[in-house]
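Numbering (this note's numbering), first residue to last: -15 to 194.
Cβ atoms here follow ideal geometry from the backbone N, Cα and C, with glycine treated the same way.
All values derive from a computational prediction rather than experimental measurement.
Have a look at the structure below before the remarks.
If you want it as structure tokens, here you go:
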């Protein structure tokens, strides 16, 4: 997310505020929206081909993090674009008419107004990434690993993949199912908690900026 959030916000700002209206820009917007709907297993296979095999990062935290970052990127860009486009053009025109530059208008007027929607999109993207199984299945996950990872090139245990493994592998299905149900409940509460934070921040920012 340290890569996806700033890059996604920068892309959304450029597309909405700086890019000229043209067929190419419209194609880019449509492509980003389509990428946001691509199944996560496709991103997992992409991460396996590029990060694990081609760049030789192997199955590791780095490969998994980069894959999840690419998965979250179109979601962040789409949500940020919608938030920026929801800001009325009259506000921009009023700021420019007072002598503010385009960047000053974006920084001091547009971004504070669009911030609630952008925060919501970012946090919901984190919630989706937290519950994904397919990308980390190919790029980062280990079924069982003692201790903490020693470096970014180490494999790591992940809760979504652990649930998948408990339900599909092992010699004691009854015991494993009980553990898997408990893990699923924890993951569900985690995603609901992230969603609640998104709603709270959106409402707080809306009340601050009116």
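Of all the options the options, which has the alpha carbon lying nearest to the alpha carbon of residue i?
| i | options | result |
| --- | --- | --- |
| residue 149 | 135, 167, 136 | 167 |
| residue 176 | 22, 112, 88 | 112 |
| residue 114 | 30, 29, 18, 171 | 171 |
| residue 54 | 22, 8, 126, 41 | 22 |
| residue 58 | 117, 126, 12 | 12 |
| residue 49 | 152, 153, 3, -14 | -14 |
| residue 28 | 14, 56, 7 | 56 |
Can you say whether residue i is buried or exposed, counting buried as having 16 or more other CB atoms within 10 angstroms of its CB?
| i | result |
| --- | --- |
| residue 73 | exposed |
| residue 26 | exposed |
| residue 157 | exposed |
| residue 33 | exposed |
| residue 107 | buried |
| residue 36 | buried |
| residue 121 | buried |
| residue 144 | buried |
| residue 24 | buried |
| residue 173 | exposed |
Could you pull out every residue in the same chain whose Cβ sits closer than 7 Å to the Cβ of residue i, ignoring the five residues on either side in sequence?
| i | result |
| --- | --- |
| residue -4 | 61, 64, 65, 68 |
| residue 43 | 36, 123, 124, 139 |
| residue 179 | 108, 111 |
| residue 188 | none |
Where DSSP assigns a beta bridge to residue i, which residues make up the other side?
| i | result |
| --- | --- |
| residue 114 | Note: residue 114 sits in no beta bridge, so no partner. |
| residue 125 | 140 |
Grouping DSSP H, G and I as helix and E and B as strand, with all else coil, what is residue i?
| i | result |
| --- | --- |
| residue 153 | coil |
| residue 6 | coil |
| residue 80 | helix |
| residue 39 | coil |
| residue 175 | helix |
| residue 132 | coil |
| residue -9 | helix |
| residue 25 | helix |
| residue 74 | helix |
| residue 164 | helix |
| residue -14 | coil |
Could you pull out every residue in the same chain whose Cβ sits closer than 8 Å to the Cβ of residue i, ignoring the five residues on either side in sequence?
| i | result |
| --- | --- |
| residue 46 | 35, 136, 137 |
| residue 80 | 86, 89 |
| residue 76 | 89, 93, 94 |
For residue i, which residues of its own chain have a beta-carbon under 6 Å away from its beta-carbon, when the five flanking residues on both sides are left out?
| i | result |
| --- | --- |
| residue 104 | 182, 186 |
| residue 101 | 67 |
| residue 3 | 9 |
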